[in-house]
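In what follows, a structure is listed as structure tokens, so that the remarks can point back to it.
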Amino acid sequence: MASEDAVRTRILNHMNKDHVYDSKLYLIHRLSYPKTLLLPSDPADVRLSDIQTTHLTVTIDGVSKDIPFNPPMDSLSDSRVRLVDMTKQAEAALRVDRDMVSIRPVYLPPRGVGEWTLLFTMLSCMYLLFNPSTLQPGGLVYSTILKDYPGIADAMYKQAWWGYWVLVLCHIGETLWFCFGVLGKFWEVPGIDTGTAALWTVDVAIHGYYALNKWKRMVKRQSKKNGKKDH
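Quick note: the sequence shown, position 96, residue 219 per this note's numbering, numbers continuous.
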């Protein structure tokens with residue numbers, strides 16, 4: 124059976140090689156260091172310098188900080204489970220994860236016939252719902268597309284108010300959720316410039332759920348570029 128010193132050395136070597144992110148999380152969550160400490164561009168030198176059954180010690184730029192375990196561990200063999208749990212608690216409290224801290228959010232413009240067709244369809248729907256008079260005689264859509272189909276034009280005009288409110292309420296809700304529930308998490312760490320944030324917000328306002336899925340694809344793609352290490 125490995126001695127406590129051997130276990131301690133193995134833990135410290137592993138954490139300082141693959142899990143500096145976790146050590147930074149502990150400083151931010153438990154000792155109120157700024158969240159920007161997680162950014163790859165942050166120059167701070169952070170390492171796990173000691174671990175005991177009662178506490179761990181994280182050294183940042185030569186200054187050691189003790190973080191107690193509550194409750195204390197029975198032995199250092201419990202450290203993996205305890206450290207993973209501390210990481211999960213910190214990520215939940217700080218609303219971050221290891222995949223997001225090093226990515227660079229970018230905007231994904233429409234690509235291919237399908238996405239451009241979807242954009243045209245959504246903008247057309249918005250035009251009809253916000254300008255229902257275009258479906259009446261003399262209106263642009265009525266005169267150019269539906270002049271031979273007055274019944275269809277009249278039916279669409281009568282339903283415009285219903286479609287208007289459904290579209291507006293759904294897309295307002297999705298946009299607010301995106302701004303506060305998604306962008307809010309990325310604003311400080313990893314950081315996103317206002318232009319990119321504005322493009323995504325407009326995209327969500329127009330496309331709704333589809334744009335939210337496209338954001339997830341972007342995050343996954345950027346995360347894959349950086350790779351990741353797990354416990």
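We treat Cβ as the ideally placed atom computed from N, Cα and C, and that holds for glycine.
Which same chain residues, not among the five before or five after A252, have their C-beta less than 7 Å away from its C-beta? Note that residue 252 corresponds to Leu in the displayed sequence, not to Ala. Taken in chain order, the residues that qualify are A283, G286, Y287 and L290.
By the three-class DSSP mapping on this structure, what secondary structure does R367 have? Given that the chain is displayed from residue 124 to residue 354, the structure contains no residue 367 and the question cannot be resolved.
Considering just the uninterrupted stretch of the alpha helix (DSSP H) at D141, what are its terminal residues? E127 to D141
From L206, D128 and T177, residue whose alpha carbon lies closest to that of K147: L206
What is the DSSP secondary structure of D271, counted as helix, strand or coil? coil
Opposing strand residues paired with T180 [DSSP bridges]: D173 and D189
Taking its Cβ as the centre, do 16 or more other Cβ atoms sit within 10 Å of P163, making it buried, or is it exposed? exposed
Between the alpha carbons of I151 and D145, how many angstroms are there, rounded? 10 Å
Quick test of your reading: G331 and C293, contact by CB under 8 Å. State the CB separation rounded to the nearest angstrom. 6 Å
Skipping 5 residues on each side, what residues in its chain have a beta carbon closer than 6 Å to that of G262? S256
Can you look up P313 in the DSSP assignment and give me helix, strand or coil? helix
Terminal residues of the continuous alpha helix (DSSP H) containing T159? First-last for T159: undefined, no H or E at that position.
Does the count of Cβ pairs from the region 293–303 and the region 322–340 closer than 8 Å reach three? yes
Can you find the residues in the same chain that come closer than 8 Å, C-beta to C-beta, to T324, ignoring five residues on each side of it along the sequence? T298, F301, C302 and L306
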